[in-house]
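Everything on this sheet refers to the single structure shown next.
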Amino acid sequence: MPPPVLDANGTAVPVSLISLLSQTDRRDLLRDRGIPKSWVDGHFHAVDMRGTPLEDARSLINAEQYQANCGHLPGSTAIGCSLSHRNVAQKLAQSSDDLMLVLEDDLVPATPDVLSHLENIAARLHPFAAAGGSFVAHLGIDDAYTFTTTRRRVVSRSNRPQSTGPQLFQCLDVPPWQYLAHAYFISKAAAEQMTVLNTPLTVMCDWWHQRQKLGHFDHFFYCDPILFTQDPTLDSSLQQDRLIFEAAGGGNKQADHPPRHRRTLSQRVIASAAFRARMLPQQMKRTVPFIIP
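Here numbering that gives the first Met the number 0 is used: the first residue of the sequence shown is 0, the next is one more, and so on.
Structure follows, in structure tokens:
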């Protein structure tokens, strides 16, 4: 079986599509949606913590630091999800590669030519990753999450942004309400930082705001328009945790998830509308580009 890779202008960028071994139905959907067969068949085996006693699962985290960083303690399946992303970062950190594409099995391409856009973005990011740049480049968050005063266009040293397709932007201060990890590029330098700082786990895998504050990466990029959304008909591991706690009579508040997990994407977008309106005048003033090799 050929290894799952993405061609970035002649450079093979490894692809880690995270999926539980038992989730064959999700992988069938991915094939139907045009995700390359080699990516799906060579998926990265997610850590399956479903049904693991909470005490056993939490032996894999630094509970004190996790509580301090996140304000709560995670459930078993949430720990499995975060371990999966940490293990993917560790795989890149221990390899000879400079850049990796990380995907989850609930993604949906937002455009029919997603593969060509991925190749173009990977080709733009690879020189920066090879030069030691520490970054995450998210492929599935819209301006409802990233509308801040620190959005800067990412350009090459020639100062010419990509003229067609999704544009890359830098976000210096990742919004605290951004909780998505279904599609992103990660550089080797960032993977090395994450592996060291998140072993054992001290923060959830998808809270980029807190991970940036903790030094897991130096730069956070995102593309606009987005390349991937998430399938709203598929349950997340975090939702499964919450249902278990509620079925037990409300759950331990330390083990339960904060209110953000109980709000839908639409609710979060609506809640951010007033914020975006307030920030528009300052947002329009941010014209200084972020230059990469």
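Glycine residues also receive a C-beta, built at the ideal position from the N, C-alpha and C atoms. All values reported here derive from a predicted model rather than from experimental measurement.
- Residue pairing of Val153 in beta bridges, as defined by DSSP: Phe289.
- Between Leu100 and Phe184, the C-beta spacing is below 8 Å.
- For Ala182, the closest C-alpha among the options Met203, His125, Cys222, Lys90 is that of Cys222.
- Per DSSP, the continuous beta strand (DSSP E) segment holding Thr228 begins and ends at 227-229.
- Around the beta carbon of Met203, 16 or more other beta carbons sit within 10 angstroms, so the residue counts as buried.
- If you draw a straight line from the Cα of Arg156 to the Cα of Leu98, it comes to about 19 Å.
- Considering only Ile60, Ser94, Gln89, Ser186, the residue with the shortest C-alpha distance to His137 is Ser186.
- Boundaries of the alpha helix (DSSP H) harbouring Ile120: 113-129, taken from the DSSP string.
- Between the alpha carbons of Ser37 and Arg30 lies a gap of roughly 10 Å.
- Ala67 sits exposed, since fewer than 16 C-beta atoms from the chains shown fall within 10 Å of its C-beta.
- According to the DSSP assignment, Gln166 belongs to the beta strand (DSSP E) that extends over 166-170.
- Runs of the beta strand (DSSP E) lying entirely within the segment 1-66 and spanning at least 3 residues, in chain order: 4-7, 10-18.
- Here Ser186 carries a strand assignment [DSSP, helix/strand/coil].
- With distances taken between CA atoms, Asn61 lies nearest to Pro199 out of Thr232, Pro199, Gly214, Pro231.
- Between the alpha carbons of Ser18 and Pro111 lies a distance of about 22 Å.
- Nearest to Ala88 by alpha-carbon distance, out of Ala180, Asp47, Thr10, is Ala180.
- Within its own chain, the residues whose Cβ lies closer than 6 Å to the Cβ of Asp230, once the five positions on either side in sequence are excluded, are Asp105, Val107, listed in chain order.
- The three-state secondary structure of Met203, taken from DSSP, is coil.
- Burial state of Met0 is exposed, judged by a 10 Å Cβ sphere holding fewer than 16 other Cβ atoms.
- When DSSP assignments are scanned along the segment 68-110, the uninterrupted stretches of alpha helix (DSSP H) that are 4 or more residues long and fall wholly within it turn out to be 75-92.
- Here His181 carries a coil assignment [DSSP, helix/strand/coil].
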